[in-house]
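Here the numbering used here is used: the first residue of the sequence shown is 3, the next is one more, and so on. Cβ atoms here follow ideal geometry from the backbone N, Cα and C, with glycine treated the same way. Below: one structure, written as structure tokens.
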Amino acid sequence: MIEEETQDEFQKEYLYWKQYIETLESCTPEELFAYVNTSYVSKEVIYRLLDDYEIPYKRNYSKLKLYQHFALQITAHKLIMIKIKGKME
Numbered sequence: 003m004i005e006e007e008t009q010d011e012f013q014k015e016y017l018y019w020k021q022y023i024e025t026l027e028s029c030t031p032e033e034l035f036a037y038v039n040t041s042y043v044s045k046e047v048i049y050r051l052l053d054d055y056e057i058p059y060k061r062n063y064s065k066l067k068l069y070q071h072f073a074l075q076i077t078a079h080k081l082i083m084i085k086i087k088g089k090m091e
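Listed below in structure tokens is the structure:
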């Protein structure tokens, strides 16, 4: 029962961040880092999101280093996707 609740919480947190990233229009790495850092996102959610976007990472990163890596890589990924979308239109 507790394991199910933990899994549900993980899934809710993951889905929130997945949707947040997908709807992110423009954001600096610093802004995303600040938001992630003050939201206390679990490392497991960050790992899963990085896996989704096929962004390499090291599991031995400290939480702050992981947040910085995540913010930098996700904003770079979003910029690339926006540029690709612009060229296709």
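Here F12 is not near V38, since their CB atoms are 8 Å or more apart.
Distance from the CA atom of I57 to the CA atom of R50, rounded to whole angstroms, is 10 Å. L17 counts as exposed, since fewer than 16 other beta carbons sit within 10 angstroms of its beta carbon. Contact between the region 27 to 44 and the region 64 to 81 is present: three or more C-beta pairs spanning the two stretches fall below 8 Å. Excluding its 5 nearest sequence neighbours in each direction, L52 has C-beta neighbours in its own chain below 6 Å: Y59, listed in chain order. Distance from the Cα of Y22 is smallest, within the candidate group Y63, K87, I82, V47, for V47. Non-local C-beta neighbours of L34 in its own chain, meaning closer than 7 Å and more than five positions away in sequence, comprise A73, I76, T77, ordered along the chain. Its Cα nearest to that of S64, the residue K45 stands out among H79, K45, L81. Between V43 and E15 the beta-carbon gap is near 7 Å, inside 8 Å, which marks them as a contact.
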